[in-house]
Structure formats: structure tokens, C-alpha cells
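Written below as C-alpha cells is the structure these notes are about.
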Ligand code: CP
Ligand code: NVA
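Written out as C-alpha cells, the structure is:
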């Protein structure tokens, strides 16, 4: 029997089997090929989607907008300043209204429970565009980029260096477990990963042949590593006052040339973006003035170096998000 995700929501990768994840990756590869060859694919003409953003975005919003238009759909964008959600109207009521007008809903915000409730009350597919806990659409782009580099990912080691309890690290642990990879969370003991999620991923790993490593030693993290991954040290929704403490804790986990050289030859660098790799942002410059750091989670030489694949990864957000929308709405 073929795989069908029609009518499903995409809230977290824990809800999907390895075969379903690979199906979405294959579909994204096909959409990428069509886009490159100028083959029109307005396969969802007449459908309408709405994008709800309670946090800022460049890649995710643009991927949904471009992906939806390529598929022939209409798109409406709502941010907290331009909707009643939460202030004058409950989440359940908002979801019921949107479900009567739209065929699918994207949501980016804070609690995972919000995106789960939107799916429960709207009656249409809901896609998680990032919550405090997970960023599942990002994961498909990440593994697609790694697959383009290495082919079969089983047995490949991906190490996340930095804030190992954030939404990206959580999600990488899940996707690596599902796809039979080795996931290594490399960060300070003070920020250790959620134990319930580690247990869940270990159980998945036992089925798929994956393995989960947790270490505070960067040498161990880099050893045998094929994919070095990092993310910003203070995530959206966290207070600015955390910067000083995080810099102190996470400086030893910066991805720099020395660390890259400890990984496997042929290893690649990934980053979900946005990134503080230089002083060309207001926050980057502010941190430099206060703490004297010209780069944070990754140095500029690695970011601009031959092993860096973050812009391929960013492009793949669009192809993978298109695959998710198509598979769930067709
Ligand atoms: N990686 C990512 O989600 O980027 P945006 O915050 O720009 O959407
Ligand atoms: N951990 C980051 C990811 C951004 C794509 C954040 O939540 O801000």
C-alpha cells in the first residue's frame, strides 16, 4: 500500500514513521527538480492557506508563501498585531473560524499545546512552523540537505553543539532517531536535554538502529562527526538578560575551524539560521560591544567556508514545506 498523509497535521516528527518522513523527502526532491526545470505544478489550485505567526520569521514565512503560490493556492498572512487571536478571541474559536475558511493552517508561536489545539479545533491540517519545543519543518530541510551530500543517512553522525534543550536540538534528536542516525547533543551540563524526550528517542533508536549520545566534551562531539550543527544561543521568546549567562556557558561549544578539523573529513556544517557569525546585525554588534565576541555560535570562516551548507539548507525549506502542504492537502 502506498503512503498517504492526506488530511494529516504536521505538528512534530514523533507522529510520523520513518517511511512517511522518507516519502516527504522524496516528494520534496521531486518538487525541487520540477522547480529547477521550470515544470509548473499548480496541483492545489483553488485551495487557501493561512499563516499565523506569533514570532518573527524570514525563511519559514517565505517558504510557505512561495510554496503555496507554486502549488496554485491563495495565502493569507496574520501576525499578532493583525488578528484577534488570544486577545479578544480564544484559540478554540479562532481555530473554528479559520477551519471554515482555509484548507490548511500554519502556526509559529510559543507553546506546543497551541499548535496541537489548533489542529484539534480547526478540523483542517495544521503545520507547525516552530514552537518552543519543536521545529519539524526545519528538520525535513536539514535531512534533505544532508541526503543530497551523503545519500543514505543511516549510521551518519550529526552533532548539535550549543543549547541542547532548544527546539532545534529536540527536533534533531527525533529526526536522527527516526532515520537510524547517530545524534549527539554536545553542550554544557547546565543545559541538558529533556529527559522524557531522550527516553522517547532512545526507544525509537532501539527500533531503527540509531543511537543517542549526550556529552559536554566537544572532542567527543566532533569525533566521527559527519554533520556539525549549531543554532543561536538565546532563542525567540527567551529574555534578553540571558545573553551574558549563555555566552559564558556556550562559548566552549562555538563551531570554529579547530572544531571542524576534529570531525570526519568531508563533514558538513548546517545551521537553521538566522546566525550570529559576524557583526553585521544589531544584536551581533551589541554583543561585540558588551562582550568582545566578533561571532557567537559559529565563526565567520566556518560560515563562509567550503563545508558550509546552510544556504542550500535554507532553500530546501521551501521544497520540503511545499511537499508537506501538498501531501497533507491533496
Ligand atoms: N530557520 C528558520 O525557521 O528561519 P526563520 O526564523 O527566518 O523562519
Ligand atoms: N532556536 C531558534 C530557532 C530559530 C529558527 C529559536 O527558536 O529562536
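Residue numbers (our numbering): -13 to 316.
Using N, Cα and C, we set each Cβ at its ideal position, and we do this for glycine too.
It should be emphasised that the depicted structure is a prediction, and the values quoted were computed from it without experimental measurement.
Discussion item. Considering only heavy atoms of the ligand NVA, does any lie closer than 7 Å to the CB of residue 172?
Written reply: no
Worksheet entry | From 35, 185, 76, residue whose alpha carbon lies closest to that of residue 56 | 35
Practice prompt. Count the other CB atoms, across all protein chains shown, that sit within 10 Å of the CB of residue 297; report buried if there are 16 or more and exposed otherwise.
Written response: exposed
Worksheet entry | Same chain, Cβ closer than 6 Å to residue 175, five either side skipped, listed in chain order | 202
Discussion item. Just verifying my parser: in three-state terms, what is the DSSP assignment at residue 189?
Written reply: helix
Worksheet item: What did DSSP end up calling residue 38 once you bin it into helix, strand or coil?
Response: strand
Discussion item. Suppose you measure from the CA of residue 70 to the CA of residue 83; what does that come to, to the nearest Å?
Written reply: 11 Å
Worksheet item: Relative to the ligand CP, is the shortest distance from any of its heavy atoms to the C-beta of residue 122 smaller than 7 Å?
Response: no
Worksheet entry | Rounded C-alpha distance that separates residue 30 from residue 238 | 48 Å
Worksheet item: Do you know offhand how far residue 141's Cα is from residue 210's?
Response: 11 Å
Item to complete: Sort 185, 242, 273 by Cα distance to residue 227 and report the nearest one.
Response: 273
Worksheet item: For the ligand CP, any of its heavy atoms closer than 7 Å to the Cβ of residue 216?
Response: no
Fill in: Beta-carbon separation (whole angstroms), residue -8 vs residue 314, contact threshold 8 Å
7 Å
Worksheet item: Do residue 150 and residue 126 come within 8 Å of each other at the CB atom, strictly closer than that value?
Response: no
Practice prompt. Sort 39, 280, 258 by Cα distance to residue 268 and report the nearest one.
Written response: 280
Discussion item. For residue 85, which residues in the same chain have their Cβ closer than 6 Å to its Cβ, ignoring the five residues on either side in sequence?
Written reply: 108, 109, 110
Practice prompt. Let me know the secondary structure DSSP gives residue 246 once reduced to three states.
Written response: helix
Worksheet item: So is residue 257 buried or exposed if we call it buried at 16+ other beta carbons inside 10 Å?
Response: buried
Discussion item. Let's see if you can read the secondary structure: which residues bound the alpha helix (DSSP H) around residue 275?
Written reply: 268 to 277
Fill in: Stretch-stretch touch, CB-based, cutoff 8 Å, three pairs: the region 185 to 198 with the region 149 to 163
yes
Discussion item. I'd like the ranges of any beta strand (DSSP E) spanning at least 3 consecutive residues and lying wholly in the region 40 to 72.
Written reply: 60 to 64
Discussion item. Once the 5 residues before and after residue 212 are set aside, which same chain residues still bring their CB inside 6 Å of it?
Written reply: 142, 143, 250, 253
Practice prompt. Name the one or two DSSP bridge partners that residue 257 has.
Written response: 216
Discussion item. Starting from residue 283, trace the beta strand (DSSP E) in both directions and tell me its first and last residue.
Written reply: Note, residue 283: premise wrong, no beta strand (DSSP E); not H, not E.
Item to complete: Measure the CB-CB distance between residue 309 and residue -4 and report whether it falls below 8 Å.
Response: no
Discussion item. By the three-class DSSP mapping on this structure, what secondary structure does residue 112 have?
Written reply: strand
Discussion item. Here's a check: name, in chain order, each residue in its chain whose Cβ is nearer than 6 Å to the Cβ of residue 179, leaving out the five neighbours to either side.
Written reply: 150, 151, 171
Worksheet item: Sorry if obvious, but does the Cβ on residue 187 come closer than 7 Å to a heavy atom of the ligand NVA?
Response: no
Worksheet item: Counting pairs of beta carbons, one from the region 114 to 129 and one from the region 84 to 103, are three or more of them closer than 8 Å?
Response: yes
Practice prompt. Give every residue of the same chain whose Cβ lies closer than 7 Å to the Cβ of residue 59, excluding the five residues on either side of it in the sequence, and list them in chain order.
Written response: 30, 33, 34, 35
Worksheet entry | residue 91: CB within 7 Å of a non-hydrogen atom of the ligand NVA | no
Worksheet entry | Short Cβ contact (8 Å threshold) for residue 158 with residue 147 | no
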